[in-house]
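First up is the structure itself, then whatever we jot down about it.
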Amino acid sequence: MTGWEIAAFLLCVAVATCAQSITGFALALILLGLTGLFELAPLADVANVATVMALCTAVIALRGTHDSLDWPMMRWTVTGSVFGVAAGVALLAWLSSNVVMALRLLLGLVVIACAIVVLVRAHPLPQRSSAASFHGFGFLSGVLGGLFSASGPPLVYQFYRQPLALDAVRDTLGATLAAGGVIRLVMVVASGQFSLRSLWLSALAVPLAMAITWWLRRHPPAWRRETVLKVVCVLLVITGVGLIAPAAQALWPWARMGA
Numbered sequence: 002m003t004g005w006e007i008a009a010f011l012l013c014v015a016v017a018t019c020a021q022s023i024t025g026f027a028l029a030l031i032l033l034g035l036t037g038l039f040e041l042a043p044l045a046d047v048a049n050v051a052t053v054m055a056l057c058t059a060v061i062a063l064r065g066t067h068d069s070l071d072w073p074m075m076r077w078t079v080t081g082s083v084f085g086v087a088a089g090v091a092l093l094a095w096l097s098s099n100v101v102m103a104l105r106l107l108l109g110l111v112v113i114a115c116a117i118v119v120l121v122r123a124h125p126l127p128q129r130s131s132a133a134s135f136h137g138f139g140f141l142s143g144v145l146g147g148l149f150s151a152s153g154p155p156l157v158y159q160f161y162r163q164p165l166a167l168d169a170v171r172d173t174l175g176a177t178l179a180a181g182g183v184i185r186l187v188m189v190v191a192s193g194q195f196s197l198r199s200l201w202l203s204a205l206a207v208p209l210a211m212a213i214t215w216w217l218r219r220h221p222p223a224w225r226r227e228t229v230l231k232v233v234c235v236l237l238v239i240t241g242v243g244l245i246a247p248a249a250q251a252l253w254p255w256a257r258m259g260a
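Written out as structure tokens, the structure reads:
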């Protein structure tokens, strides 16, 4: 990477970390979307970096939250996530080796879909969802986590519908996402998919991400969360379109040949 590419990568890290600190999600989506849009690094490596960043920033964000965690909800979700992460990591390895443009197209579609899901206001449920429901959302979250380290949106939708205190929902969501990150990291390292480039980019990104997270926890901005959420989702949609357009253009001749 050139000096300009490193600077651009760190700028993407800063934007993604700010969005994560304010909204509680979107770190991986924005980081993968922006770096993929400007082709700064392979998507598989950036997904690994996003996993490491999420785990390191979670250490700061989850400090002192043990008593507010809803352990049954977290346990049910993580159980489903294990199988989803395995499927997602395997699919990522195949797509990265065989159909890189298809991976970019899929990422663009996922980014836009997640933005839409998060913008849709979920009505609170009269009672807690079943364990099977958490298993299902955990599996879907795990697939997205295994593919792109972007497991948040399905769980944001599921968790914020539950009739629980806001602190319990937020902290349990953060802890569940961190647990999924640990599972993903173990699987990619064990399968040999954590490259030296991933390690180097993580070494660049983590100090900046932790510094921004620490600062924003002590000096939270005065912006309304709803406004920031809409801005982040608009950014995700623009990024998603920017990923889809060139990927679809590149795949179109291939699809016609296949037909």
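So for the sequence shown, the numbering used here puts the first residue at 2; every next one is plus one.
All C-beta atoms in this analysis are idealised placements derived from N, C-alpha and C, irrespective of residue type, glycine included.
TODO: Verify whether the separation of the beta carbon atoms of L237 and C115 is less than 8 Å.
DONE: yes
- [ ] Ignore the nearest five residues each way along the sequence and tell me which others in V79's own chain have a CB closer than 8 Å to its CB.
- [x] G139, T177, A180, G181, I184
Task: Endpoints, the alpha helix (DSSP H) within which P155 is located - done: 153-160
Open item on the list: Just to check my reading of the structure: V86 and M188 have Cβ atoms closer than 8 Å, yes? What is that Cβ distance to the nearest angstrom?
Closed with: 6 Å
- [ ] Please classify T3: does DSSP put it in a helix, a strand, or coil?
- [x] In the structure shown, T3 sits in coil (DSSP, three-state: anything other than H, G, I, E or B).
Task: Spatial distance of P247 from L44 (CA atoms) - done: Whole-angstrom Cα-Cα distance: 15 Å.
- [ ] Say whether the region 124-137 touches the region 86-95, bearing in mind that this needs 3 or more beta-carbon pairs closer than 8 Å, one atom from each stretch.
- [x] no
Task: Beta carbon of D168 nearer than 8 Å to that of S82 - done: no
TODO: Output yes or no for whether 8 Å exceeds the beta carbon distance between L156 and T52.
DONE: no
Task: Segment limits, alpha helix (DSSP H) that includes V207 - done: 197-219
Task: Buried or exposed by the 16-neighbour rule on C-beta atoms within 10 Å, applied to G147 - done: buried
Task: Environment of V235 [buried if 16+ CB atoms lie within 10 Å] - done: exposed
Open item on the list: Short of 6 Å in beta carbon distance, which residues of its chain neighbour I23, apart from the five on each side in sequence? Order them along the chain.
Closed with: V229
Task: Residue burial classification, R219 (beta-carbon count within 10 angstroms, cutoff 16) - done: exposed
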